[in-house]
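To keep things clear, I will list the structure first and then write my remarks on it.
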Amino acid sequence: MNSRRRFLNASALGAATITAAACTPSGTADHKPSTVTATLLLTAQALQTLSHVCERLVPGASEAGVSVYVSQQLARDAASNLLMLQYLGIAHEDHVSFYRAGLSGIEGASQSLFQKSCCSLSSSETDSLVKNLLADEFTDWSGAPSSFFLFVIRADACDVVYGTKQGFENIGMPHMAHIVPTEEW
Amino acid sequence: MSVSLLDEHVDLIVVGAGAAGCVVAATAAKAGKMVTLLEAGPPRQLQDLTSSQIWARRLKWGGAPVLESGNLPIGHGFNSGFGTGGSALHQFGVWPRLHENDFKVYSNHARGLDWPISYQDLRPYYDRIQATVGISGDSRAEKWRPPADDYPLPPMPVFEQGKTIARGFANEGLATAPIPVAINSTSYNNRPGCLFDGWCDAGCPTGALANPLVTYLPVALSNGCQLVNHATVKRILHNKAGDRVVGVEYVDQQGSVRRLMADQVVLSAFAVQNAKLLLQSSSDKHPAGLSNHNDLVGRYLMTHPATSVYGLFPNQTMPHLGPTGGQLICQDGYADKAKPGVFGSYQWLIANALKPNDLLGIANTRPDIIGESLQPFMQKAAKHMGNMVCIGEDIAQAENRVTLSSRLDANGIPLASTLHNIGAETITMNENAVAQGLRVFRAAGAQEVWQGARFGMHIMGGTVMGSDPATSVADSYGRCHELENLYLAGPGLFPSSGAVNPTFTLQALAEHLLG
Ligand SMILES: Cc1cc2nc3c(=O)[nH]c(=O)nc-3n(C[C@H](O)[C@H](O)[C@H](O)COP(=O)(O)OP(=O)(O)OC[C@H]3O[C@@H](n4cnc5c(N)ncnc54)[C@H](O)[C@@H]3O)c2cc1C
Ligand code: SF4
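Sequence lines, in order, name chains A and B. Start counting the first sequence at 0; every next residue gets the next number (numbering that gives the first Met the number 0). Start counting the second sequence at 0; every next residue gets the next number (numbering that gives the first Met the number 0).
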């Protein structure tokens, strides 16, 4: 978790790079450690927006590293990316633009409704923004519907909060792994 | 892109190392043929199958994107796999047979298409596969099961979730039976029994579930079959006359184009990719794509309309136990395909093992629950939730099809574009089934019930078989009508979908192809 926090802080400073080797598990056929450096594909502000909204949707998502998770996966190729988005009819080459458009849409909605950045909204303001977006009520939104975008990032947040051994234990579900993954994601 | 045309020659090229391809490769290699299995995706080993719904996603389709449209998209991203074992590497092992009436949908109901063979024709191959692979079930309890050999393995145990929901079915006057699964309830053929931990969707690394890595692939390899991974076939080559294939061209991991020649070629790259391969292999003799003079390649694409029903029960259901595919099955009413305004059989797969995350996981069944309410819901559901899924029949329609898009992949090859719509009769069948499911859950004592969205489960059709070349792409052995040594294998051949999971049938068909 510490390394994730360090990364979060670093990314908050602006454009940054992440090393794919730091986050890929070893010993699996198609995930050999790589020294390839992946360019960070989302801006610091977009990552903060992601973290902030996911935290309201799924408490614990920010601490669990949802923004690192999403940015790491976006840097991977189609055959190794682990995002749930790949099930949802969005081609891999369009994943980055999907997240960029959705996150800038949220920021735009926040500015329009509250005249402030999403990350500085109070809890109740964030709740009403989320409610508005879930109901597709914000009309100045382009691309995939806002409710769909929130469904996707909520699922990402659920992955990091509930999809790990710790996440299972936190809800009292026996994990019973055959093979515990060497990395959570 | 470099081109290496070595013109190596083998007896048989099998394209795609999944459920169908591994059966074909094993049978042909055992019969002494020199076989090469070309697989687009990476190699997979059992030890790669880590228990994580997140890591499981790397088993999904990783090739060129498939574009989707229609009111029930086929869900290619979810329903397709990539790499050795194909989609079947993490299939759930639910293996019911088609029913006798599934083979004559057009004759009996003037909808869709007929099969060129009957259930009786296919039965010996079902029985043979069943004995080789091992299926657990209770043939007597499955009162709707067509004539068949008894299951070689005793049924899987039923846990609290299954027992709870079964009471609801009984209260509604409906029968349930232990689910027939290609999972060992006890050890069989040197493979261990199941541990009932519900990790099947991430791929079963123990060998209890009959994925190709533990069934047909080892037979193929031990009989000399050569498996080449990262080999994406891009074109089927034919002779001057255009009536025989002579080999294939494929792109290797380095992006080089290679050529391999063969006496026979079997396409087992799954429904969409099989159709795409034929379409993109157009030539002067086959200007609209191979074996497509009647504009049938890509048509009659099908997916099973499916919807899940969920509930919270007062008693502990322990929903993490059992296989992902479910503990019980109900096919009551399967025989009655047509009622006024409604068409199609359906079945219930009952008490699927649940995990917290992923598309089918607990959290995503209730996207409306957010914020502080989520954790209490998750804690309750982890102990008290029940679920089941209805799988319905699709009607084969010519308009539902795979075509080539104007968008190109990295190798300059057109992407596959798919269109799939269902009509009012199918929608009503699905809605009636869901209403029944909600009644069953209430009758089982659920305190809260809800349903998921309708989605497409499994992919079939696109290169359908039939006796008449004017209405089908291949004959009853999967041989293309227009090219005598080009065969198709897999669910793309199905002229009707029935309402059952397709893998048992497609493997029986692959055996039938080889006689
Ligand atoms: C999560 C999940 C659960 C499932 N559960 C069940 C179940 O319980 N019961 C059931 O009956 N069915 C189930 N299925 C469906 C089942 O897996 C498929 O119907 C079956 O695997 C199809 O067999 P196939 O051989 O045609 O294709 P696949 O098994 O998908 O194999 C096709 C192979 O071809 C390769 N390929 C594709 N294009 C090319 C190319 N151009 N060149 C070379 N190789 C290529 C692919 O990479 C793939 O490995 C499930 C599927 C999924 C995804
Ligand atoms: S529940 Fe059984 S079949 Fe499924 S992964 Fe575990 S051992 Fe394998």
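The C-beta atom is built at its ideal place from N, Cα and C for all residues, glycine as well. Just so you know, these numbers come straight off a predicted model, no measurement behind them.
Cα-Cα separation, residue i to residue j
| i | j | result |
| --- | --- | --- |
| A:Pro173 | B:His383 | 14 Å |
| B:Ala509 | A:Tyr68 | 41 Å |
| B:Leu403 | B:Tyr486 | 21 Å |
| A:Leu112 | A:Leu128 | 8 Å |
| B:Arg122 | B:Gln160 | 33 Å |
| B:Gly136 | B:Pro95 | 10 Å |
| B:Ala395 | B:Arg298 | 9 Å |
| B:Asp262 | B:Leu492 | 22 Å |
| B:Trp256 | A:Val160 | Here the sequence assigns Val to residue 256 of chain B, which means Trp is not the residue at that position. Distance between the alpha carbons of B:Val256 and A:Val160 is about 44 Å. |
| A:Val57 | A:Gln47 | 15 Å |
| A:Trp184 | B:Asn78 | 22 Å |
| A:Gly59 | A:Gly107 | 25 Å |
| B:Val565 | B:Leu348 | Not covered by the structure: residue 565 of chain B. The range shown for chain B is 0 to 514. |
| A:Val65 | A:Glu54 | 9 Å |
| A:Ser185 | A:Met175 | For chain A, the structure presents residues 0 to 184; residue 185 of chain A sits outside this window and is missing. |
| B:His98 | B:Phe269 | 22 Å |
| B:Arg478 | B:Leu277 | 13 Å |
| A:Asp29 | B:Trp54 | Because A:Asp29 carries a pLDDT of 34, less than 50, the predicted location of this residue cannot be relied on, and no value is offered for it. |
| B:Thr175 | B:Phe168 | 7 Å |
| B:Ala19 | B:Ser267 | 6 Å |
C-beta contact flag for residue i and residue j at 8 Å
| i | j | result |
| --- | --- | --- |
| B:Ala305 | B:Met456 | yes |
| B:Ala488 | B:Val23 | yes |
| A:His94 | A:Leu81 | no |
| B:Phe202 | B:His89 | Here residue 202 of chain B is Gly; the residue named in the question, Phe, does not match the sequence. Cβ atoms of B:Gly202 and B:His89: closer than 8 Å. |
| B:His319 | B:Asp393 | no |
| B:Asn183 | B:Ala165 | no |
| B:Gln346 | B:Ile412 | no |
| B:Glu67 | A:Gly88 | yes |
| B:Val232 | B:Leu37 | yes |
| B:Arg110 | B:Phe454 | no |
Residue i burial status per 10 Å Cβ neighbour count (16 or more: buried)
| i | result |
| --- | --- |
| B:Arg144 | buried |
| B:Arg139 | exposed |
| B:Asn420 | exposed |
| B:Thr163 | buried |
| B:Thr49 | buried |
| A:Ala63 | buried |
| A:Gly26 | Low local confidence applies: a pLDDT of 29 at A:Gly26 is under 50, so the model's placement there is unreliable, with the coordinate-based value given in what follows. The residue is exposed, with fewer than 16 neighbouring Cβ atoms inside 10 Å. |
| A:Gly171 | exposed |
| B:Asn500 | buried |
| B:Lys338 | exposed |
| B:Pro313 | exposed |
| B:Asp283 | exposed |
| B:Leu407 | exposed |
For residue i, the three-state DSSP class (helix, strand or coil)
| i | result |
| --- | --- |
| B:Tyr486 | strand |
| B:Asn351 | coil |
| B:Ala452 | coil |
| A:Asp29 | Low confidence applies to A:Asp29: its pLDDT is 34, below 50, so where it sits in the model is not reliable enough to give any reading. |
| B:Ile12 | strand |
| B:Gly391 | strand |
| B:Tyr118 | helix |
| B:His237 | strand |
| B:Lys59 | strand |
| B:Gly167 | helix |
| B:Met377 | helix |
| B:Thr427 | helix |
| B:Phe342 | strand |
| B:Ser405 | strand |
| B:Thr502 | helix |
| A:Met83 | helix |
| B:Val296 | coil |
| B:Asp335 | coil |
| A:Lys164 | helix |
| A:Glu182 | coil |
| B:Gln326 | coil |
Closer than 7 Å: residue i CB and nearest ligand 4 heavy atom
| i | result |
| --- | --- |
| B:Gly360 | Ligands in the displayed structure: ligand 1 and ligand 2; ligand 4 is not one of them. |
Self-check item: chain E contacts from the region 352-376 of chain B (Cβ-Cβ distance under 9 Å)
Solution: Among the protein chains of the structure shown, namely A and B, there is no chain E.
Exercise. Inspect the CB distances between the region 209-220 of chain B and the region 21-37 of chain B and report whether three or more fall short of 8 Å.
Key: yes
Self-check item: contact_flag[the region 283-301 of chain B, the region 427-442 of chain B] where n(CB pairs < 8 Å) is 3 or more
Solution: no
Exercise. Determine, using beta-carbon pairs with one atom in the region 432-445 of chain B and one in the region 461-469 of chain B, whether at least three such pairs fall under 8 Å.
Key: no
Practice problem: Examine the Cβ distances between the region 433-452 of chain B and the region 246-254 of chain B and report whether three or more of them are shorter than 8 Å. | Solution: no
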